[in-house]
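Protein chains: 2
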Amino acid sequence: MDVIISSRIRLARNFKKYPFPNRLSSNQACSMIQEARKAIVESPTVIAQEFDYIDLEQKSSLEKLVMMEKHLISPELVKKTNPTAVLVNKDESISIMVNEEDHLRIQGIQLDSNIDKTWEVTSRIDDLLEESIEYAFHEKYGYLTSCPTNVGTGLRASYMLHVPILEATGQLKMIVQAIGKFGFTIRGMYGEGTETQGSLYQISNQITLGQSEKEIIDTLKTVTTQIVQQEKNLREKIVKENRLQIEDQIYRSYGTLKYARQLSSKEAMKLLSDVKVGFELGMLEKERKVDNIYDLMVYTQPANLQKQIGRNISVEERDEERARYIRNHL
Amino acid sequence: MDVIISSRIRLARNFKKYPFPNRLSSNQACSMIQEARKAIVESPTVIAQEFDYIDLEQKSSLEKLVMMEKHLISPELVKKTNPTAVLVNKDESISIMVNEEDHLRIQGIQLDSNIDKTWEVTSRIDDLLEESIEYAFHEKYGYLTSCPTNVGTGLRASYMLHVPILEATGQLKMIVQAIGKFGFTIRGMYGEGTETQGSLYQISNQITLGQSEKEIIDTLKTVTTQIVQQEKNLREKIVKENRLQIEDQIYRSYGTLKYARQLSSKEAMKLLSDVKVGFELGMLEKERKVDNIYDLMVYTQPANLQKQIGRNISVEERDEERARYIRNHL
Chain A
1 MDVIISSRIR
11 LARNFKKYPF
21 PNRLSSNQAC
31 SMIQEARKAI
41 VESPTVIAQE
51 FDYIDLEQKS
61 SLEKLVMMEK
71 HLISPELVKK
81 TNPTAVLVNK
91 DESISIMVNE
101 EDHLRIQGIQ
111 LDSNIDKTWE
121 VTSRIDDLLE
131 ESIEYAFHEK
141 YGYLTSCPTN
151 VGTGLRASYM
161 LHVPILEATG
171 QLKMIVQAIG
181 KFGFTIRGMY
191 GEGTETQGSL
201 YQISNQITLG
211 QSEKEIIDTL
221 KTVTTQIVQQ
231 EKNLREKIVK
241 ENRLQIEDQI
251 YRSYGTLKYA
261 RQLSSKEAMK
271 LLSDVKVGFE
281 LGMLEKERKV
291 DNIYDLMVYT
301 QPANLQKQIG
311 RNISVEERDE
321 ERARYIRNHL
Chain B
1 MDVIISSRIR
11 LARNFKKYPF
21 PNRLSSNQAC
31 SMIQEARKAI
41 VESPTVIAQE
51 FDYIDLEQKS
61 SLEKLVMMEK
71 HLISPELVKK
81 TNPTAVLVNK
91 DESISIMVNE
101 EDHLRIQGIQ
111 LDSNIDKTWE
121 VTSRIDDLLE
131 ESIEYAFHEK
141 YGYLTSCPTN
151 VGTGLRASYM
161 LHVPILEATG
171 QLKMIVQAIG
181 KFGFTIRGMY
191 GEGTETQGSL
201 YQISNQITLG
211 QSEKEIIDTL
221 KTVTTQIVQQ
231 EKNLREKIVK
241 ENRLQIEDQI
251 YRSYGTLKYA
261 RQLSSKEAMK
271 LLSDVKVGFE
281 LGMLEKERKV
291 DNIYDLMVYT
301 QPANLQKQIG
311 RNISVEERDE
321 ERARYIRNHL
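Protein chains in written order, with our numbering: chain A, 1 to 330; chain B, 1 to 330.
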């Protein structure tokens, strides 16, 4: 959990018998969603029993945002007005988005760096679905998808990384350029086109065709290992060269989180990011009451915060509640 | 102690038989200093027994700065290379600078708003000195002094004020202009030409001629009462209008003081000023361990801090020690 926050596997799959979502009528969407639901819910397997079916048309936008902030559904699915659904297992480590850009987006997330395990679990769900659904599949090209960039394996493998020092020193920009050559990309915490907060970034493959799933995942691991090492080397270096300045910044961030009466989401993420690094550098040990700063980052996102309060509140109230939540939990 | 930090009376006096300090030879200075010393130390009065004689030529610049930061001697006396001395009583409420701009600068300071009491005590010392010293005095003009601006009563009466809100709202500038018309001035915390820190200001009379001591002091009290009321009204107003923002700022300042690992003198003064206002507005009650923030302001000034450490230290070490001192004492 030091630099790698989570591992994520996403598989894009489509029914053979339905047009792709952008050409799907509402009626067809409803039928497709029901088939997807049955494929999981009516399966006699143990793993399938753990899933809840959630009709997103029945959900408020707050509830959808809560799921988005937890990475259970994508920002695109929150916005979509067509019939959509999601199947989520108990511990929220697997979600199956239905009628997103593709009919099915099977996603596994684990809060560790063991992406092989994440792949294994996600793949099992893929197999389970395939028992009752005929996928759109081409002998030569592999899985067919709405967007050509996903054709082939339909796989996106990614890590969420916490790289404050690479970010602060500007080295991340160089890394982004370098990994582009290997077909990898680094994006904001909610994927494509989202802003980065708290120095959280997603690294993922861009190429899905011409490589096996194993090859894609192995290259991701290799590339990421190097990035993690660079972040760690830099941390060691700055502590050696500027221990007092670093401690000062980290303790000040902690002090602000502990006492501020208003915190915007962006500022909270920045300060929590500092404190996370502080813990990892062995600082703030005396003050340490919580281990998982990432949880605080998620729970203080706008929608999650409102869910805990139990109602929609204004931005100003949110900033106040966020400050209260953090100082009570940190 | 809310807005008025201290009351100060200063009397400028000169021996009739010696030239003014700028024309005084070192030999004459030594004789004059000895006479001043005797006038106090050899007096049989109780009040005189409490005084220590300090030969400033024997003192390190650090020791002199410590006294300056406590307002026992002036910045000018720290700089002077001629023979100089100071007589200080036990509780440091009275100091008599010898061979400053005038032969004698008798100064009384009390950490409250009771300037009549301060005047009374200072005046008693003046009388005591006059028993054995013949002052330079002119029937028509009064006490004669090095600089014509002090001729007459030789009195400077002043309050030290803590007016963060008048400062922040820019109203202090207007007040400075307005009180100029009454012959009053507002300056930095160590007097003429010194920078202001922590929103501390000295208000004092500029005119010493043509008014009695009582008239000068009474006008100072009237003018100051109005300034204090304006500061208090503004505090009430901002709390009414922006309670959350004010609380946020005050608690953040407290959090920074509580956790920072490096604090410059200037930043510490600003943050302590915030916390002082916070206490006075009834905020931070749960965290309150100390009552007198002004003490912290003085003890964390560069020289006082070094005196406590017991040696001269670099600016960087000072910032570190200041942060440690404050978080241990706040």
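Ideal Cβ positions, reconstructed from N, Cα and C, are used throughout, including at glycine.
Under the criterion of beta carbons closer than 8 Å, Arg-13(B) and Gly-154(B) qualify as touching, at roughly 6 Å.
By the Cβ criterion, the stretch 135 to 147 of chain A is not in contact with the stretch 47 to 57 of chain A, since fewer than three pairs of Cβ atoms, one from each stretch, lie closer than 8 Å.
The shortest C-alpha to C-alpha distance from Val-228(A) to any of Ser-273(A), Ile-175(A), Ser-123(A), Tyr-141(A) is the one to Ile-175(A).
At a cut-off of 7 Å, the C-beta of Ala-260(B) has a neighbouring C-beta in chain A.
Listed in chain order, the alpha helix (DSSP H) elements of length 4 or more contained wholly in the stretch 52 to 120 of chain A are 61 to 69, 75 to 79.
Between Ile-217(A) and Ala-157(A), the C-beta spacing is below 7 Å.
Taking 7 Å as the Cβ-Cβ cut-off, the stretch 240 to 272 of chain A approaches chain B at Leu-244, Glu-247, Asp-248, Tyr-251, Arg-252, Tyr-254, Gly-255, Thr-256, Lys-258, Tyr-259, Ala-260, Arg-261, Gln-262, given in chain order. A distance of 7 Å or more separates the beta carbons of Lys-276(A) and Ile-250(A).
Apart from the 5 residues on each side of it in sequence, Val-239(A) sits with its Cβ closer than 7 Å to the Cβ of Ile-246, Leu-281 in its chain, given in chain order. If you keep only unbroken beta strand (DSSP E) runs of at least 3 residues inside the stretch 250 to 276 of chain B, you get nothing at all. The beta carbon of Asn-82(A) sits closer than 7 Å to the beta carbons of Ser-26, Ala-29, Asn-99 from its chain, once the five residues preceding and following it are set aside; these are given in chain order.
Residue pairing of Ser-204(A) in beta bridges, as defined by DSSP: Ser-158(A), Thr-185(A). One alpha carbon belongs to Pro-21(A), the other to Ile-9(A), and they sit about 21 Å apart. Taking the Cα positions, Asp-127(A) is about 19 Å away from Tyr-18(A).
Close partners of Glu-321(A) in chain B (Cβ separation under 9 Å) are lacking, with about 12 Å as the shortest Cβ gap. Secondary structure of Ala-136(B) (DSSP, three-state): coil.
Closest by C-alpha distance to Lys-289(B), out of Met-297(B), Phe-279(B), Val-298(B), is Phe-279(B). For the set Met-67(B), Ile-109(B), Tyr-53(B), Tyr-141(B), the Cα lying nearest the Cα of Thr-208(B) is the one of Tyr-141(B). Put simply, the backbone Cα of Gln-301(A) is about 11 Å away from that of Gln-197(A). The continuous alpha helix (DSSP H) containing Ile-165(A) extends over residues 164 to 168.
Your pair Ser-6(A) and Ile-109(A) checks out as a contact, with CB atoms roughly 6 Å apart and the cut at 8 Å. Per DSSP, Leu-11(B) is not a residue of any alpha helix (DSSP H); the beta strand (DSSP E) it occupies stretches across 4 to 13.
In this chain, the alpha helix (DSSP H) harbouring Glu-320(B) covers 315 to 329. In summary, Thr-145(A) is buried, with 16 or more beta-carbon neighbours lying within 10 Å of its beta-carbon over all protein chains present.
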